[in-house]
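Each remark here refers to the structure printed beneath this line.
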Ligand SMILES: Cc1cc2nc3c(=O)[nH]c(=O)nc-3n(C[C@H](O)[C@H](O)[C@H](O)COP(=O)(O)O)c2cc1C
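Numbering (my numbering), first residue to last: 239 to 395.
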C-alpha cells in the first residue's frame, strides 16, 4: 500500500508528530505551506477567525499527486475545535483524488475527535485510523507509543 502523509503546522507541534510517523511508516511526505501570514498575535487571530468561518486560503504549490496513493494521512493542528484553514483548503481542492484517509492532529486540550468527524464528512470517507496528540505530549516527547498504535492500525488496512 502506498501512503502519502500531508500535514500543516503553524508552530511546529504537528510537524514533530508527522516526523515520528514518517520514521515508523513507509510514506511520502508533503508539508502544506500557506501563503497567508499566520505567526504572531495577528496571525493567531486570523487563524482562529478563518477556522471558525470555514474560510479557505491560498496554498503554496503542492508537489505530490494524491491520486497516486492508496492512503492519504492528513495532519492538522486544531483551531477553535476545527481543522486548520490550510488543511480545509487542501481537502477541498483534492478530496476527489483520495482513496482512503487517516487523520491525526495536535491540540491544546480538545476538539480533535470532533474535527476528525468534520474531516471525514468533508472527504466523504471514514478515516481508517485517527490519532490525537496534546501539545504538552509533544513538548515532553511522550507520544511515540500512540504513534506506533496509529501506524499499526494503518498497516493492518
Ligand atoms: C488559532 C488557534 C486556535 C486554537 N484552538 C484550539 C482549540 O480549539 N482546541 C485545542 O485543544 N487547541 C487549540 N489550539 C492549540 C493548537 O491546536 C495546538 O497548540 C497545536 O499543537 C498547534 O500545532 P502546530 O504547532 O502544529 O501549529 C489553537 C491554536 C491556534 C493557533
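C-beta atoms are modelled at their ideal positions from N, C-alpha and C, and glycine is treated no differently.
Check	Outcome
Using 8 Å as the threshold, is the segment 314–324 in touch with the segment 343–355, meaning 3 or more CB pairs across them?	yes
Does DSSP put residue 316 in a helix, in a strand, or in coil?	strand
Short of 6 Å in beta carbon distance, which residues of its chain neighbour residue 335, apart from the five on each side in sequence? Order them along the chain.	304 and 305
As a quick exercise: from 300, 360 and 354, pick the residue whose alpha carbon is nearest that of residue 370.	354
According to DSSP, is residue 372 part of a helix, a strand, or is it coil?	strand
Is any heavy atom of ligand 1 found at a distance shorter than 6 Å from the C-beta of residue 252?	yes
Give a single yes or no on whether residue 365 has its beta carbon closer than 6 Å to a heavy atom of ligand 1.	no
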